[in-house]
Structures are given as structure tokens and as C-alpha cells.
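Let me begin by presenting the structure, written as C-alpha cells, before commenting on it.
Residue numbers (our numbering), protein chains in the order written: chain A, 1 to 136; chain B, 1 to 240.
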């Protein structure tokens, strides 16, 4: 079984993109590049107001991201290491609205099972569309 | 009824049996979690940061950013593994082709597109040319070679396909599961192709689906040669 048991979908406002990506590069993906480069907007055209990323993560990586989001949103830090898997899932459910309200960041966590069934529903819920280049 | 014709004469055939092979991304072979090819991707849903080219030309495809890595889908088709793209941001890229830019070329892709709400890029190169687009809204398959070719309504999401693509400018076309498609020629002038991009292009059109195998030659194969490679792939994946 893979160690990358979680998948996290993140939609982030353009204004937070650079800072959060820097944190990702310093803490999660040390050799990585730009996580948030897929542009979104309400019209599907430029300029992008949001960006999104979808990552397969280890449990520890997911915990680091959740602690960072909790810190940014000024909510109680989760004791990720001592939580069970269901407790971690419940923590995300309990706090995603606050994270969205305070930070404007939408998150959707799921098992990394190869089925990105939450992708389209999260995009629809956000009212955002992928900014698509027209091929002519 | 499924057709498994012409299998017996293929004994010993591999894509290397034909000249001009420049890329062979082989199902279940050369898959690694990192772009540095350090840790093999073996378990279902392991990330894929590198897929090593088996052509001998060193045209490997990699992804250095963790969030953009596709994952392995074991036992995807007839026991073979697929490379699963998430439809958000996954992508694999090669460096510029070893040996230089391709002008006329023939490619083969074995894939299954699962996305149903967005355009999807399956294989592309040079960020401008040699692009295949699937528009699931209309189930279209299209060749892009500097400009769009005619769309053909031939793709059904969730279905396995072996697609052979010939780019030569004058009569570029597609063979889909053994059937030659018409009216897909995008451009009368061959467009140069510099590298291979898989999963998306222009930071747009993300592919939701999985790719089993990709083979690319730096020349226009004859129809007989294309059928031979098609049969090699169909004998392996049992698609049609």
C-alpha cells in the first residue's frame, strides 16, 4: 500500500498564492516548484482570482499543512500526531468552513484512491472555472 | 466481438524493431516516485515523479513538483499499470528531444480518459504543436498542429483506446482502435515538436484519466508499420 494515503485539493486566492507556496516549498516540497499555477476565475477568463492544486500526501505532510492553516486562521492547532485517522478527518470537516471564511482558502481532503471525485464538485461549489487558453 | 488478429507473426516484435524510435514510455516499467528516479513507484497510488524512456534515447519524462505528480494505477488494463492524472494539475515533461526537433512523426498512445466536464490534454509537445485534445462535452478528439484540425466525435469517457497519430502536415490523421479516422488533418505545414508534455498544456486543459503507454517515432511510419505497432499494443492490452 502506498504511503501517500491522502489527497488534498486546495483552492487559494491569488493574493495568498506566493506566500503559501513559499511555505510549501520550505516545509513540504523542498525540491518542488509552484504548486498553485492552475488559474481559476468566475468567468473562466483572465485574470485569475484563484489557483488550485491537488496533491497526494503522506499523513505527516497533511498534518503539517493543517497546522499551518490553523495557525493562519487563528484556530486551535490540531494534535495531529496523537489523533486517529477518523479524528483527523473530522477535524478537517469541523474547521474547513472557518478556514474558508477567514483565509478564503477552500480545502477538500479525501483518500488517495485514484478517484478525484471531489474535484468537480469543489470547483462547482466555489463558483470558479478553470481559466482555459483557446487553441486557434 | 473482440478481434485479436495478426498476433502470431509478432513474435519478438517490440517498438525497437522499427527504426526512428525516440520515446517509449512502457506500462509498468521505469516508474519512480521522484524526478531523480530514486524510489520505484510500485504500490497503487504511489506518485510518479519520473517515467523512464525505454527507447534508449533518454527522453525521460519527469515532474519535479510533488503536487503535480500523477500516480500509478496498478492493474489498470489487462493487468498492466496506468499513469493516472488527476484532472487538476498533474503533468509529466521531457527535456527537448535527444537528437533534435521532430517534424514528421508518428505516435501511439494507450489511454482511458475519465474526465467528463473539462477539456483534457492527453499528449502534447512544444506547447503549441502535436496536441491531442479531448472535449468530453462533445466526446471530441482533435489533432492540433499549430492550428486545430476537424473534431471527430469518437471518444467515450471511461473507455480504453489505442490511438495512433501521424503528423506530416499534408495528411495527418488518427487511427483509433484500428480504424483510420478522416477529416482530422490540422495543418498543411508540419510543425516542429521539441519535447513531450503529458497531462496538460498552457497551464490549462488538465487530463483526468490514465495513460498506459506512449510510443513515438521520428518519422512517418507506413500504414503496415502502424498496424504492426497497433497490434503489438492490442496484443498487450486487449483493448479492441
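Note that beta-carbon positions come from the ideal geometry of N, C-alpha and C, so glycine has one too.
None of the values given here were measured: they were computed from a predicted structure.
For residue i, which residues does DSSP report across the bridge?
| i | result |
| --- | --- |
| residue 85(B) | 209(B) |
| residue 12(A) | 51(A) |
| residue 94(B) | 61(B) |
| residue 47(B) | 71(B) |
| residue 1(A) | For residue 1(A), which the question treats as bridged, DSSP gives no partner whatsoever. |
| residue 106(B) | 166(B), 217(B) |
| residue 39(A) | 51(A) |
| residue 21(B) | 217(B) |
| residue 193(B) | 102(B) |
| residue 161(B) | 111(B) |
| residue 129(A) | 41(A) |
Could you give the distance in angstroms between the alpha-carbon of residue i and the alpha-carbon of residue j?
| i | j | result |
| --- | --- | --- |
| residue 35(A) | residue 110(A) | 18 Å |
| residue 14(B) | residue 225(B) | 12 Å |
| residue 31(A) | residue 41(B) | 18 Å |
| residue 37(A) | residue 12(B) | 44 Å |
| residue 38(B) | residue 29(A) | 16 Å |
| residue 19(B) | residue 216(B) | 11 Å |
| residue 80(B) | residue 179(B) | 23 Å |
| residue 77(B) | residue 97(B) | 29 Å |
| residue 61(B) | residue 29(B) | 13 Å |
| residue 34(B) | residue 65(B) | 9 Å |
| residue 97(A) | residue 119(A) | 18 Å |
| residue 77(A) | residue 67(A) | 6 Å |
| residue 235(B) | residue 55(B) | 20 Å |
| residue 208(B) | residue 93(A) | 26 Å |
| residue 154(B) | residue 102(A) | 46 Å |
| residue 112(B) | residue 83(A) | 38 Å |
| residue 60(A) | residue 101(B) | 43 Å |
| residue 108(A) | residue 170(B) | 47 Å |
| residue 45(A) | residue 115(A) | 27 Å |
| residue 124(A) | residue 221(B) | 44 Å |
| residue 237(B) | residue 195(B) | 26 Å |
| residue 133(A) | residue 115(B) | 18 Å |
| residue 93(B) | residue 85(B) | 13 Å |
| residue 15(A) | residue 25(A) | 17 Å |
| residue 122(A) | residue 227(B) | 43 Å |
| residue 9(A) | residue 95(A) | 15 Å |
| residue 65(A) | residue 75(A) | 14 Å |
| residue 21(A) | residue 32(B) | 24 Å |
| residue 47(A) | residue 193(B) | 29 Å |
| residue 174(B) | residue 181(B) | 5 Å |
Identify, in the order they occur along the chain, each residue of the same chain with its Cβ nearer than 6 Å to the Cβ of residue i, setting aside the five sequence neighbours on each side.
| i | result |
| --- | --- |
| residue 11(A) | 50, 52, 106, 126 |
| residue 82(B) | 73, 76, 210, 212 |
| residue 3(A) | 58 |
| residue 63(A) | 80 |
| residue 16(B) | none |
| residue 229(B) | 108 |
| residue 99(A) | 69, 73, 105 |
| residue 1(B) | At residue 1(B), the pLDDT of 45 sits below 50, so the modelled position is not reliable and the matter cannot be decided from this model. |
| residue 6(A) | 57, 62, 112 |
| residue 87(B) | 115, 206, 208 |
Short of 7 Å in beta carbon distance, which residues of its chain neighbour residue i, apart from the five on each side in sequence? Order them along the chain.
| i | result |
| --- | --- |
| residue 233(B) | 108, 110, 162, 213 |
| residue 167(B) | 104, 105, 130, 145, 190 |
| residue 91(B) | 63, 68, 197, 198, 199, 200 |
| residue 148(B) | 142, 186 |
| residue 33(A) | none |
| residue 17(A) | 36, 51 |
Counting C-beta neighbours from all protein chains within 10 Å, is the total for residue i 16 or more, i.e. buried, or is it exposed?
| i | result |
| --- | --- |
| residue 47(B) | buried |
| residue 156(A) | Residue 156(A) lies beyond the range of chain A shown here (1 to 136); nothing can be said about it. |
| residue 90(A) | exposed |
| residue 87(A) | exposed |
| residue 71(B) | buried |
| residue 27(A) | exposed |
| residue 85(A) | exposed |
| residue 95(B) | exposed |
| residue 19(A) | exposed |
| residue 112(A) | buried |
| residue 158(B) | exposed |
| residue 223(B) | exposed |
| residue 27(B) | buried |
| residue 39(A) | buried |
Using a C-beta cutoff of 8 Å, does residue i count as contacting chain C?
| i | result |
| --- | --- |
| residue 44(A) | Looking at the structure shown, chain C is missing, and the protein chains on hand are A and B. |
Return the chain-ordered list of same chain residues with a C-beta closer than 8 Å to the C-beta of residue i, the five sequence neighbours on each side being excluded.
| i | result |
| --- | --- |
| residue 219(B) | 19, 20, 104, 105, 106 |
| residue 36(B) | 49, 50 |
| residue 243(B) | Any answer about residue 243(B) is impossible in this case: the structure gives chain B only from 1 up to 240. |
| residue 42(A) | 49, 127, 128, 129 |
| residue 172(B) | 143, 145, 149, 165, 166, 184, 185, 186, 187 |
| residue 89(B) | 67, 68, 200, 206 |
Regarding residue i and the ligand GDP, is the C-beta to nearest heavy atom distance less than 7 Å?
| i | result |
| --- | --- |
| residue 180(B) | As for the ligand GDP, it is missing from this structure, which has no ligand bound. |
Those runs of the beta strand (DSSP E) which lie wholly inside the segment 46 to 121 of chain A and span at least 3 residues: 50 to 57, 106 to 111
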